[in-house]
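Structure record follows, encoded as structure tokens.
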Amino acid sequence: MFKGRTSQGASPTTSPRQYQLRPVQLKRMLRWAFFAACLTTFSIWLFFIIGGKLQERKFFADVQHRQAMGDKVLINDFISIAPRDDQNAATYILKAIDQLQLNPHQGWLIDDAENYRLSEEAKFFVAQYSREHPQIRALLQQAGSCPQVDWHVKWRSPALDVHMPYLSRQREFGRFLEAVGICEHEVGDDAAALRTAQEIFFLARAVDNGSTVVGHLVALELEHMGDNLCLRLTGPLTSRAARHIGNFNAIAKPMIASLCDDPRFRSQFDAAIRGDRMVIVDSIIHLPISKFEAFSSTDALLEDYDQSISAAAHLSWPAAAPLLPSKPRKSEPDLAQALAPVLYRPFISEFSAEAERHAAAIAIACRLYVDDHDGEWPLDLSTLVPHYLPAIPCDPFDSQLRPMKYLPGNPPAIYRVSTNGIDNHGDRAGALSYKYGFYYDPWRSPDAVFPIGGVIGAADKRPPEHGEQ
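Just so it is clear: in the sequence shown, position 360 is 359 by numbering that gives the first Met the number 0, and no numbers are missing.
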């Protein structure tokens with residue numbers, strides 16, 4: 000029966016017969032397809048094996064070159080012989096922290112030290128606890144006499160699994176010391192308060208010995224507490240404080256030099272970046288993945304961290320910011336993109352901490368000037384050089400590294416320019432907020448303004464505006 004019209008009028012009976020594969024031909028084609036698939040798989044496997052070996056050889060050659068230059072890259076570079084307990088400052092610090100047993104309410108009381116507004120209940124508690132536990136300060140003084148700091152971090156591969164329990168209570172301990180210093184200041188013993196600030200700075204340096212970015216950020220928070228205390232106790236003198244001026248002056252000069260020692264602080268940040276690099280690199284090369292992918296990723300990450308280390312060597316934020324690695328490049332392996340260093344916030348924190356240290360050093364120098372000039376504050380910072388300051392500390396957010404800025408007053412204030420390098424002449428808009436009382440945060444304003452004495456001027460004392468938190 001006719002099923003339809005055929006092309007060119009040909010009848011269905013004359014159409015060519017469909018070609019059918021014979022079983023032998025089908026087996027032959029399947030055999031060749033299987034052989035081609037095996038050859039392709041073997042070629043890819045061989046490529047990854049040879050490529051992985053070459054990448055591994057290249058990586059370890061690079062590591063050997065870096066180690067010859069004194070750089071620390073692998074986990075073994077960070078393992079050292081632990082000192083004896085009686086020569087280890089970390090031993091005494093951990094014992095002192097164990098002596099500090101605060102319940103949640105007591106911890107809430109000393110948290111007010113952040114805002115410079117300890118309640119009467121908090122002052123009573125801090126004074127009583129200090130009297131009942133003198134061993135806390137004694138252990139901290141013993142730690143200061145030790146030549147080494149070793150937190151007994153048990154480095155092992157993969158380094159990402161290594162725990163650092165010593166960081167867990169450092170913030171609480173630092174806040175307690177800050178509260179003790181504020182109480183010492185308010186009873187007139189500013190020399191003792193300055194010694195307490197020294198202990199906080201020592202604690203920050205000890206914590207920073209762990210060579211990780213996380214540990215460095217904890218150390219920066221402790222430094223912030225010490226800076227806050229210095230700014231608070233350099234405010235207007237009380238009648239009782241005059242009895243302690245001699246001791247205060249003897250402690251102040253070395254502290255000013257220490258706060259202005261930028262190379263030492265920057266070297267700690269550099270060591271933290273290298274430690275963070277070691278953790279990531281060691282974890283990658285011990286992942287259960289192909290060597291080709293692992294060592295290709297480490298090459299890309301080493302390049303990113305090299306950029307970060309180069310940025311850390313610059314003295315100003317405007318010069319360092321362009322050198323930071325941008326978003327992960329699409330040309331990098333997926334693993335390298337996932338683990339690329341995100342160090343923008345640590346860099347901002349580092350330069351902000353440097354500005355705050357400089358402000359604390361200037362505030363102490365201003366206090367020394369006031370002691371020698373019958374309570375008169377300096378008209379400008381140039382009058383402090385060279386007797387009170389060797390030089391005016393620079394502003395790390397100024398592209399030209401110009402000195403920190405000064406706002407005369409009674410008491411005066413110190414400020415640094417905004418993160419974009421623009422001088423807003425001490426604009427502190429947005430720094431004052433209201434939450435269970437007035438709260439002053441200099442980092443929320445265009446220019447970070449640090450009032451000497453930690454006291455908000457009378458013009459800034461206002462009720463909260465509608466909707467203000």
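Virtual Cβ for every residue (Gly too), placed ideally from N, Cα, C. The structure presented is a predicted model; accordingly, all values stated were derived computationally and were not measured.
Test item: CB-CB of Ile363 and Ile255 under 7 Å: What you label residue 363 is simply residue 364 of the sequence shown in a count that begins at 1. What you label residue 255 is simply residue 256 of the sequence shown in a count that begins at 1. Cβ distance < 7 Å, so Ile363 and Ile255 count as in contact.
Asn423 (DSSP reduced to helix, strand or coil): Translated into the one-based positions of the sequence shown, residue 423 becomes position 424. Coil.
Other residues of its chain near Arg4: CB distance less than 7 Å, five sequence neighbours each side excluded: Translated into the one-based positions of the sequence shown, residue 4 becomes position 5. For Arg4, the predicted structure reports a pLDDT of 48, less than 50, and the residue's modelled location is therefore unreliable. The matter cannot be settled from this model.
Secondary structure of Asn227, DSSP reduced to three states: The residue labelled residue 227 in the question sits at position 228 within the sequence shown. It is helical.
C-beta contact flag for Ala447 and Arg415 at 7 Å: As a first step, residue 447 must be located in the sequence shown, where it is residue number 448. As a first step, residue 415 must be located in the sequence shown, where it is residue number 416. In this structure, Arg415 lies closer than 7 Å to Ala447 by Cβ.
Classification of Ile451 by the beta-carbon crowding that lies within 10 angstroms, buried from 16 upward: Within the sequence shown, numbered from 1, the residue matching residue 451 stands at position 452. With 16 or more other Cβ atoms within 10 Å, it is buried.
Proximity winner among Asp269, Ile288, Thr297, relative to His313 (alpha-carbon distances): Here residue 313 corresponds to residue number 314 of the sequence shown, with the count starting at 1. Of the candidates Asp269, Ile288, Thr297, the one whose C-alpha sits nearest the C-alpha of His313 is Asp269.
Environment of Pro410 [buried if 16+ CB atoms lie within 10 Å]: Position 411 of the sequence shown, counted from the first residue, corresponds to residue 410. By the neighbour-count rule (16 or more Cβ atoms within 10 Å), Pro410 is buried.
Burial state of Met487 (16 or more Cβ within 10 Å): Given that the chain is displayed from residue 0 to residue 468, the structure contains no residue 487 and the question cannot be resolved.
Rounded separation between Gln147 and Phe77 - CA only: Counting from one through the sequence shown, the residue named residue 147 turns up at place 148. Counting from one through the sequence shown, the residue named residue 77 turns up at place 78. Computed Cα separation, rounded: 15 Å.
Residues near Val278 by beta carbon distance below 8 Å, same chain, minus five either side: Position 279 of the sequence shown, counting from 1, holds the residue named residue 278. Contacts found: Ala158, Leu159, Val161, Thr211.
Test item: CB-CB of Pro392 and Ala360 under 7 Å: Indexing the sequence shown from 1 puts residue 392 at position 393. Indexing the sequence shown from 1 puts residue 360 at position 361. Yes, the pair counts as a contact, with Cβ atoms nearer than the cut-off.
Top-ranked residue by Cα proximity to Gly180, from Gln306, Arg136, Leu101, Arg443: As a working note, residue 180 is residue 181 in the sequence shown. Ranking Gln306, Arg136, Leu101, Arg443 by Cα distance to Gly180 puts Arg136 first.
Neighbourhood of Glu483 by C-beta, 6 Å cutoff - its chain only, sequence neighbours within 5 removed: Residue coverage of the chain in this structure runs from 0 to 468, which leaves residue 483 outside it and unanswerable.
Simplified DSSP state of Tyr439, which is helix, strand or coil: Here residue 439 refers to the residue found at position 440 when the sequence shown is read from its first residue. Correct three-state label for Tyr439: strand.
CB contact check: His285 to chain B, cutoff 7 Å: In the displayed structure, chain B is absent; only one protein chain is listed.
Limits of the alpha helix (DSSP H) - the one that Val278 falls within: By one-based count along the sequence shown, residue 278 stands at place 279. Its alpha helix (DSSP H) spans residues 261-284.
Bounding residues of the beta strand (DSSP E) (the contiguous stretch that carries Lys71): Here residue 71 is taken as the residue at index 72 of the sequence shown, counted from 1. Counting along the chain, Lys71 falls outside any beta strand (DSSP E), and DSSP gives it neither H nor E.
Residue(s) in a DSSP beta bridge with Lys404: Taking the first residue of the sequence shown as position 1, residue 404 is located at position 405. For Lys404, which the question treats as bridged, DSSP gives the partners Tyr414.
Beta bridge counterpart(s) of Ser351 as assigned by DSSP: In the sequence shown, counting from the first residue as 1, residue 351 sits at position 352. None, per the DSSP bridge assignment.
Gln63 and Ser295 closer than 7 Å at C-beta: Here residue 63 is taken as the residue at index 64 of the sequence shown, counted from 1. Here residue 295 is taken as the residue at index 296 of the sequence shown, counted from 1. No. Outside cutoff.
Best match in Ile288, Thr90, Leu193 for proximity to Leu367 [C-alpha to C-alpha]: For the purposes of this step, residue 367 is taken as the residue at position 368 of the sequence shown. When each option's Cα is compared against that of Leu367, the closest is Leu193.
Per-residue DSSP class, three states only, for Leu431: As a first step, residue 431 is located in the sequence shown; it is residue number 432 there, counting from the start. Here Leu431 sits in strand by DSSP.
Euclidean distance between Cα positions of Glu171 and Gly106: In the sequence shown, residue 171 corresponds to position 172, counting from 1. In the sequence shown, residue 106 corresponds to position 107, counting from 1. If I take the Cα positions, the gap works out to 8 Å.
Among Pro22, Lys290, Gln306, nearest to Ile49 - alpha-carbon criterion: Position 50 of the sequence shown holds residue 49. Cα-wise, what sits closest to Ile49 is Lys290.
8 Å contact criterion, which Ala318 and Phe346 should meet: CB distance rounded: Within the sequence shown, residue 318 is the residue found at index 319, counting from 1. Within the sequence shown, residue 346 is the residue found at index 347, counting from 1. Their Cβ separation, rounded to whole angstroms, is 11 Å, which puts Ala318 and Phe346 out of contact at 8 Å.
Proximal residues to Leu221 (C-beta, below 7 Å), its chain only, five neighbours per side dropped: Residue 221 sits at position 222 when you count from the first residue of the sequence shown. These residues qualify, in order along the chain: Gln169, Gly173, Ile199, Leu202, Ala203, Val206.
Residue burial classification, His151 (beta-carbon count within 10 angstroms, cutoff 16): If you number the sequence shown from 1, residue 151 lands on position 152. Classification of His151: exposed, given that the 10 Å Cβ count is below 16.
Separation of Pro389 from Ser381, as counted between CA atoms: As a first step, residue 381 is located in the sequence shown; it is residue number 382 there, counting from the start. As a first step, residue 389 is located in the sequence shown; it is residue number 390 there, counting from the start. If you take the alpha carbons of Ser381 and Pro389, they lie about 11 Å apart.
Reduced DSSP secondary structure (H/G/I, E/B, other) of Cys393: The residue labelled residue 393 in the question sits at position 394 within the sequence shown. The answer is strand: DSSP assigns Cys393 an E or B state.
Endpoints, alpha helix (DSSP H) assigned at Pro103: Stepping through the sequence shown from its first residue, residue 103 is reached at position 104. Residues 103-109.
Val341 versus Trp316: straight-line alpha-carbon distance, rounded: Counting from 1 along the sequence shown, the entry for residue 341 is found at position 342. Counting from 1 along the sequence shown, the entry for residue 316 is found at position 317. Straight-line Cα distance between these residues: approximately 16 Å.
Extent of the continuous alpha helix (DSSP H) run through Pro317: The sequence position of residue 317 within the sequence shown is 318, counting from 1. Start and end: 316-319.
Rounded straight-line distance, which links the Cα of Leu29 to that of Arg21: Reading the sequence shown from its first residue, position 22 is the one you call residue 21. Reading the sequence shown from its first residue, position 30 is the one you call residue 29. Using only the alpha carbons, I get a separation of about 12 Å.
Check whether Ala121 and Leu108 have beta carbons under 7 Å apart: To locate residue 121, count along the sequence shown from 1; it is residue 122. To locate residue 108, count along the sequence shown from 1; it is residue 109. Taking 7 Å as the Cβ cut-off, Ala121 and Leu108 qualify as a contacting pair.
Reference Tyr304, options Arg344, Pro324, Ala352, closest by Cα: Taking the sequence shown and counting its residues from 1, the one referred to as residue 304 is at position 305. Per the Cα distances, Pro324.
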